[in-house]
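Everything below concerns the one structure shown next.
Number of protein chains: 2
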Amino acid sequence: MAAICYQSSFKLLSTSPSTNLSKPNFSLSTTFRCNLSAPSLKPLIAEPDPVFTSVKSFAPATVANLGPGFDFLGCAVDGIGDYVTLRADPDVHPGEISISDISGVGSCSKKLSKNPLWNCAGIAAISVMKMLNIRSVGLSLSLEKGLPLGSGLGSSAASAAAAAVAVNEIFGGPLSVSDLVLAGLESESKVSGYHADNVAPSLMGGFVLIRSYDPLDMIQLKFPPEKELFFVLVTPEFEAPTKKMRAVLPSEITMADHGWNSTQAAALVVSIVLGDSRGLGKALSSDKIVEPRRAPLIPGFVGVKKAAIEAGAYGCTISGAGPTAVAIIDDEERGREIGERMVEAFMKDGNLKASAMVQRLDRVGARLVSSISR
Amino acid sequence: MAAICYQSSFKLLSTSPSTNLSKPNFSLSTTFRCNLSAPSLKPLIAEPDPVFTSVKSFAPATVANLGPGFDFLGCAVDGIGDYVTLRADPDVHPGEISISDISGVGSCSKKLSKNPLWNCAGIAAISVMKMLNIRSVGLSLSLEKGLPLGSGLGSSAASAAAAAVAVNEIFGGPLSVSDLVLAGLESESKVSGYHADNVAPSLMGGFVLIRSYDPLDMIQLKFPPEKELFFVLVTPEFEAPTKKMRAVLPSEITMADHGWNSTQAAALVVSIVLGDSRGLGKALSSDKIVEPRRAPLIPGFVGVKKAAIEAGAYGCTISGAGPTAVAIIDDEERGREIGERMVEAFMKDGNLKASAMVQRLDRVGARLVSSISR
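Protein chains in written order, with numbering that gives the first Met the number 0: chain A, 0 to 373; chain B, 0 to 373.
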């Protein structure tokens, strides 16, 4: 391995600013652009040395779709997510990665493959290793799932984001967050579909608007830091029929519904930037296209939404493709009460047990939580 | 007429803040709500006295639709618009209004009716008089058109807005801007269709998002005051076939086009609030639903848009229902060059003479320009 000062080399080669994930310094909004067909990072003449012996990263859960924000808007939720521990491992073939352990909630460890090529964390890690041209170091990855699979909280995206950050950080963090989104997107496209509305907010924090995919063009929307925003997340014990959730979407819609939904989409993002949580909730609740078609597939959802609004939530919709229901409020205590009413409604109207949690908006995104220097 | 202090009475009766059109004091965005079926102003026990013998008001031109902002977004353009001169006239039957004169550009004076019931300024004026319960004073209105009819620059809305402001101001300005929008909307619905995306920005200034109609719910979007925004408006000598412009719109669209356009609508309004004129232009240019269907009805438009972009415009689309083409830029001198290229393209590709102007964003809206005290 060439012992050149690779960090300087990387900075020259990368067109975007360094990630600096642990101390984000974005303004009110930040625009990220990169060309998918030509990665922003050109082939490296020298691969980086690892800076740490091991690192541990965290990536938050995400709520995608957000009513009229279907398929282009997502946000990160603090306090829940996935952890990845990564170490340079002389027992692993140089340039390769091995998944040593998968643990965590529910039956994740049984359902997820330890083959890195078939694991969302593994795919994202390999993608970042390719960007960094890693050939001399083998890596060992341990995945700790804090998110249940198929809950509508961006479980696969959180694993991918945590892995991408871990690989980048163990080599000193030379890649930009846009590069990491590309790696995460590669993982998502193989596991859950070609969409960045979970993995981008999991990596970047806050709300992220995916403006286009070719080139990948994202706008990070900052909810004003002086204002509070809480998500009441209520997950029933029910496996959402993912294929049906997709199949129930129409191929064509009326111009009237388009006009309504795009108006509410505009109101939604304006409310985010202006920190208007009531306006945000109202827009979130107003989807006439996706939610009305998916709601009947989640037993009790209609009653749960009604209960949330009656209990004072500013808005409520399906998180991702469900079955988690998400409600919006700016007060944590009120959020707990709303959660209780929603849990009751899932039982009463859907005959489903459910659990509620109240979490803050995550404004940071995936980050390094600990590291051991060489 | 009761000689009570009517201004205080009005303030008690009105649920929204006083208009204060000449000195707007809105924050980054302001939300206006009123219930169309139940006017916000309750019946008055006493009608107001006129404060002025005569007033002159101005209301700016507007650009509606704005690409993916179709039917819900419009903005005001400084420097061009309509004037209304209004005076208390003892020769007019008390409680009624007479249109004494219509003058201005093109053939306006011949095409517009002097019957207040069939004139957009007259209808708006009568609506405001009803809100104020005017029974003891007759009014005489003179309309000076600065905007050609059917150009796509909100000509009818500017007349309605100027008239609504004039009637309100001659009686001391007791009504809120939301009330005036309701009056303007009544006029628009009789003249050009039930939409507020011209009359609301003409009255309020800046960009206005019409979130819903029942109740009327508007969000005023402030383009940051420290940043410049110019509109290059190029109007060909061509009458846009209004009926065809409406008829060419589809009743159904694909889910893919909906997703794209609502994403761009969201990017458009975020760009406005953040003062990102490049992002605004890009979103403005990206409509896949309305512009592609209407463009073929305006000879040369496709070439005009291409010429605008090549000359450095950040974006270009059809203003309202056309035929005016609108391009976006943040530099006035560059705007003039863009306008020249667009005029050339209208001739080359559409065989149409055209005229260009470069105007700033109007941030104030309709206002009193002069008054004569009693």
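We treat Cβ as the ideally placed atom computed from N, Cα and C, and that holds for glycine. All values derive from a computational prediction rather than experimental measurement.
Next item on the list: Could you list which residues in chain A have their beta carbon closer than 7 angstroms to that of M254 of chain B, in chain order?
Entry: L248, P249, S250, E251 and I252
Next item on the list: Determine, using beta carbons only, whether L283 of chain A comes closer than 8 angstroms to chain B.
Entry: L283 of chain A does not count as touching chain B.
Checklist line | Option in B:S201, B:F222 and B:S370 with minimal Cα separation from V62 of chain B | finding: B:S201
Check: Could you give the residue range of the alpha helix (DSSP H) that holds R292 of chain A?
Finding: R292 of chain A -> alpha helix (DSSP H) spans E290 to R293.
Note to self: To the nearest angstrom, how far is the alpha carbon of L40 of chain B from that of R335 of chain A?
What the structure shows: Confidence at L40 of chain B is low in this model, with a pLDDT of 47, below 50, so its placement is unreliable and no value can be given for it.
Next item on the list: Answer with buried or exposed for R134 of chain A, where buried requires no fewer than 16 other C-beta atoms within 10 angstroms of its C-beta.
Entry: exposed
Item checked: 8 angstroms Cβ cutoff, S188 of chain B in contact with chain A -> Answer no: the Cβ-Cβ gap between S188 of chain B and chain A never drops below 8 angstroms.
Checklist line | Coil, strand or helix - F300 of chain A by DSSP | finding: F300 of chain A: helix per DSSP, three-state reduction.
Check: Does DSSP classify I133 of chain B as helix, strand or coil?
Finding: coil
Next item on the list: Look at the Cβ atom of A307 of chain B, then the Cβ atom of A326 of chain B, and state whether they are nearer than 8 angstroms.
Entry: Yes; because the gap between Cβ atoms is below 8 angstroms, this pair is in contact.
Checklist line | Sufficient close CB pairs (3 or more, under 8 angstroms) joining the region 190 to 198 of chain A to the region 245 to 262 of chain B | finding: Under the three-pair Cβ rule at 8 angstroms, the region 190 to 198 of chain A does not count as touching the region 245 to 262 of chain B.
Notebook entry, point to check: Who are the Cβ neighbours of G66 of chain A in its own chain at under 6 angstroms, not counting the five residues just before and after it?
Noted result: L283, D286 and T316
Margin query: Any beta carbon from chain A within less than 8 angstroms of D70 of chain B's own beta carbon?
Written below: Yes, D70 of chain B counts as interfacial toward chain A.
Check: Taking 8 angstroms as the CB-CB limit, is T84 of chain B close to chain A?
Finding: no
Check: In chain A, which residues lie with their C-beta within 8 angstroms of the C-beta of P384 of chain B?
Finding: Residue 384 of chain B lies beyond the stretch modelled for chain B, which goes from 0 to 373, so this question has no answer here.
Item checked: Within 8 angstroms, strictly: CB atoms of I169 of chain B and P49 of chain B -> yes
Next item on the list: Name the two residues that bound the continuous alpha helix (DSSP H) containing D178 of chain B.
Entry: V176 to V190
Item checked: chain A contact residues for H194 of chain B, given Cβ-Cβ distances below 9 angstroms -> Going along chain A, no residue has its Cβ under 9 angstroms from H194 of chain B, so there is no contact; the nearest lies around 11 angstroms.
Item checked: Three CB pairs or more closer than 8 angstroms across the region 111 to 122 of chain B and the region 235 to 252 of chain B -> no
Check: For G280 of chain B, which residues in chain A fall below 8 angstroms Cβ to Cβ?
Finding: Within 8 angstroms Cβ-Cβ: nothing; G280 of chain B doesn't reach chain A, min ~13 angstroms.
Notebook entry, point to check: Below 8 angstroms, can you find three or more Cβ-Cβ pairs linking the region 341 to 355 of chain B to the region 222 to 239 of chain B?
Noted result: yes
Note to self: Run through chain A and tell me which residues come within less than 8 angstroms of V104 of chain B, C-beta to C-beta.
What the structure shows: Those do not exist, as V104 of chain B stays about 32 angstroms from chain A at its closest Cβ, beyond 8 angstroms.
Check: What does G258 of chain A reach in chain B if we use C-beta pairs closer than 8 angstroms?
Finding: F69, D70 and F71
Checklist line | Cβ of L184 of chain B within 8 angstroms of any chain A Cβ | finding: No, L184 of chain B does not count as interfacial toward chain A.
Margin query: Taking the straight line between their C-alpha atoms, what separation do you get for I3 of chain B and A45 of chain B?
Written below: Below a pLDDT of 50, predicted positions are generally treated as unreliable, and I3 of chain B, at 27, falls in that range; the measurement from the model is reported next regardless. Cα to Cα, I3 of chain B sits roughly 8 angstroms from A45 of chain B.
Margin query: Considering only the alpha carbon of each residue, which of B:V357, B:F300, B:R366 and B:F345 lies closest to D329 of chain B?
Written below: B:V357
Notebook entry, point to check: From B:E331, B:E343, B:K55 and B:Q219, pick the residue whose C-alpha is nearest to that of F229 of chain B; which is it?
Noted result: Residue B:E331 is the option with its Cα nearest to F229 of chain B.
Check: Taking Cβ positions only, does A264 of chain A come closer than 8 angstroms to chain B?
Finding: yes
Check: In chain B, which residues lie less than 7 angstroms from I327 of chain A when you measure between Cβ atoms?
Finding: By Cβ distance, chain B contributes nothing, its closest Cβ being about 17 angstroms from I327 of chain A, past 7 angstroms.
Next item on the list: Assuming L267 of chain B contacts G68 of chain B (C-beta within less than 8 angstroms), just tell me the rounded distance between them.
Entry: 6 angstroms
Check: Using 8 angstroms as the Cβ pair cut-off and three pairs as the minimum, do the region 96 to 105 of chain B and the region 341 to 348 of chain B touch?
Finding: Pairwise C-beta distances place the region 96 to 105 of chain B out of contact with the region 341 to 348 of chain B, as fewer than three of them are shorter than 8 angstroms.
Note to self: Given this structure, state the Cα-to-Cα distance separating E339 of chain A from V303 of chain A, to the nearest angstrom.
What the structure shows: 10 angstroms
Check: What does I328 of chain B pair with, by DSSP beta-bridge criteria?
Finding: B:F229
Margin query: Check for me: the beta strand (DSSP E) holding K242 of chain A runs from which residue to which?
Written below: Not the beta strand (DSSP E): K242 of chain A falls in the alpha helix (DSSP H), residues T241 to A246.
Notebook entry, point to check: When burial is assigned at 16 or more other CB atoms within 10 Å of the CB, is P224 of chain A buried or exposed?
Noted result: The residue in question, P224 of chain A, is exposed, as its Cβ has fewer than 16 Cβ neighbours within 10 Å.
Notebook entry, point to check: Along chain B, in chain order, which residues have C-beta atoms closer than 8 angstroms to that of L220 of chain A?
Noted result: Here the neighbours are V269.
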